[in-house]
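Peer 1:
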Amino acid sequence: MPSLLCIAHRGAMGHAPENTLAAFRKALELGAPAIELDVYAVDGELLVFHDDRLERTTNGRGRLQDQALSGLRALDAGEGERIPTLAEVCELIAGRSLLNIELKGAGTAAPVTAFLQALLAQPGCRWHKSQFLLSSFNHRELQQAAMLDPELALGALCYGLPLDDARFASDLKAVTVNPGHDMLDRRFVEDAHARGLLVCAYTVNEVDELARMAALAVDGVFCNYPERVLNAFDQPDTRHGWRGLAGTDPQPDGRGLMLRYP
Ligand code: G3P
Ligand code: MG
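Final position of the sequence shown in our numbering is 305; the numbers increase by one with none missing.
1. With a threshold of 16 other CB atoms inside 10 Å of the CB of V250, please say whether the residue is buried or exposed.
2. Within the continuous alpha helix (DSSP H) that includes L135, where are the two ends?
3. Can you tell me which residues form a DSSP beta bridge with P222?
4. Count the C-beta pairs between the region 167-180 and the region 276-287 that are closer than 8 Å, then say yes if the count reaches three, no if not.
5. Just to confirm, does F265 get its C-beta within under 7 Å of one of the non-hydrogen atoms of the ligand G3P?
6. If we count the other Cβ atoms within 10 Å of its Cβ and call it buried at 16 or more, is L47 buried or exposed?
7. Does E194 pass the burial test, meaning 16 or more other C-beta atoms within 10 Å, or should it be called exposed?
8. Answer yes or no: the CB of E145 versus the heavy atoms of the ligand G3P, is any distance below 7 Å?
9. Please report the distance separating the alpha-carbon of D207 from that of N181.
10. Is H93 near the ligand G3P, with its Cβ less than 7 Å from a heavy atom?
11. Once you ignore the five residues that flank A260 on each side, which residues in its own chain have a CB closer than 6 Å to its CB?
12. For the alpha helix (DSSP H) containing V232, list its first residue and its last residue.
13. Would you mind sorting D296 into buried or exposed? The rule is 16 or more other CB atoms within 10 Å of its CB.
Set out below in structure tokens:
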């Protein structure tokens, strides 16, 4: 079987309300080796949520960032689930998969890097730094994250096809470039690979599109139904984290590559 990394999109959002603990539990149950979520910083807390408004996925109304944290935490995010904090999701997953934290809200780079540093410093922490990928469409946030913690792996998201292909991602010193699947073509994938980047395409749910991605030699896909990827494609060895998948040493002195799996 060809290899295609399965990244469970917003948890396994095809099976449970997106970006909720139920969706992350389902992704783990299905055996997803990588999980993606979206974060905003609201009222001093990092919340796992996709939209800038509440209406589509909750029983609330209005802009997420205009609300008080207590009100947001009381909302129904689907099937009785609550909007989780990033800390709650990290506690649930506990290093059992790679985690892609998409910086969705402006001003998330600083609190997320601080959160990860504190998490990784906790005694008994089940995570290894190499398991985290910070991604964003907001490349200024990625640049700031890189300044705050150069060891964190970055994923550069984009819509469409830039004129100079994946150059923006190598300029950011990203580990992955994450384009939409619909316009993705061979030229872009070859350019990304020539730059040493992994290509992870979003959001690929249909079997024929998964096959097209594999034929283009795409490395990973964000999918709402992880089992569709897992049933049809081999999974790469994720024990060395995101940079390990890209074949690049995460640490200048080569330390700390092996993950501490439970
Ligand atoms: O990170 C991949 C994908 O999640 C990007 O788009 O809108 O689903 O966050 P979106
Ligand atoms: Mg996302």
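We put the CB at the ideal spot given by N, CA and C, even for glycine.
Peer 2: Judging by the given coordinates:
1. exposed
2. L129 to I136
3. The partner list for P222 (beta bridge, DSSP) reads C201.
4. yes
5. It does: the Cβ of F265 is within 7 Å (strictly closer) of some heavy atom of the ligand G3P.
6. buried
7. With fewer than 16 other beta carbons inside 10 angstroms of its own, E194 counts as exposed.
8. yes
9. 18 Å
10. yes
11. Answer for A260: V232, listed in chain order.
12. For V232, the uninterrupted alpha helix (DSSP H) segment begins and ends at R229 to A237.
13. Residue confidence for D296 is low, a pLDDT of 44 falling below 50, so the modelled location carries little weight; the figure read from the coordinates is stated next. It counts as exposed.
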